[in-house]
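In full-length UniProt numbering, the protein residues as written are 1 to 125.
These notes concern the structure reproduced below.
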C-alpha cells in the first residue's frame with residue numbers, strides 16, 4: 001500500500017539543501033482502525049453517508065486477507081457497514097436510484113447512484 005503525507009522541512013539559514021528521503025513505518029490502516037472505533041459523524045451529504053460503509057468494507061477486505069481470526073475488529077467493522085448501509089438507504093429513491101440530497105422530491109443523481117452501487121456491490125462480499 002501507499003500512504004501519502006505532507007511534510008514541511010525548515011532548514012536553518014546557511015544550510016546547504018540536498019535530496020531528502022523519508023522512510024516511515026507503522027500500520028497503514030491505523031486511520032481506518034480509528035474510524036471504525038469512533039461513532040460516525042453526522043452525514044451532511046450522501047458522500048459522507050457512504051464513509052462508514054466504504055472505510056469498513058476496505059478494512060474487512062484487509063482483515064480477511066491478513067488476519068481472518070481477528071474477531072473483535074471484524075465485528076466492529078461489520079457494525080459500521082450496517083450503519084453506513086442504513087445511512088445510505090436514506091438517499092434511495094423509489095426507482096432504485098440515489099439522490100444527492102435528503103428530500104422526498106429529489107430526483108436520482110447519476111454520480112450518487114454510481115457511488116452507492118460501487119460500495120454496495122463491494123460490501124456484499
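Even for Gly, the Cβ is constructed at its ideal location relative to N, Cα and C.
Just so it is clear, the structure is predicted and the values come from calculations on it, not from any experiment.
Simplified DSSP state of residue i, which is helix, strand or coil
i	result
residue 108	strand
residue 92	strand
residue 100	coil
residue 71	helix
residue 61	helix
residue 16	coil
residue 116	helix
residue 11	coil
Beta-carbon proximity of residue i to residue j, cut-off 7 Å
i	j	result
residue 68	residue 112	no
residue 15	residue 123	no
residue 50	residue 77	no
residue 80	residue 52	yes
residue 74	residue 63	yes
Nearest-angstrom Cα separation, counted from residue j out to residue i
i	j	result
residue 98	residue 92	4 Å
residue 119	residue 12	48 Å
residue 85	residue 106	20 Å
residue 90	residue 102	7 Å
residue 115	residue 54	10 Å
residue 94	residue 66	39 Å
residue 31	residue 19	29 Å
residue 70	residue 61	12 Å
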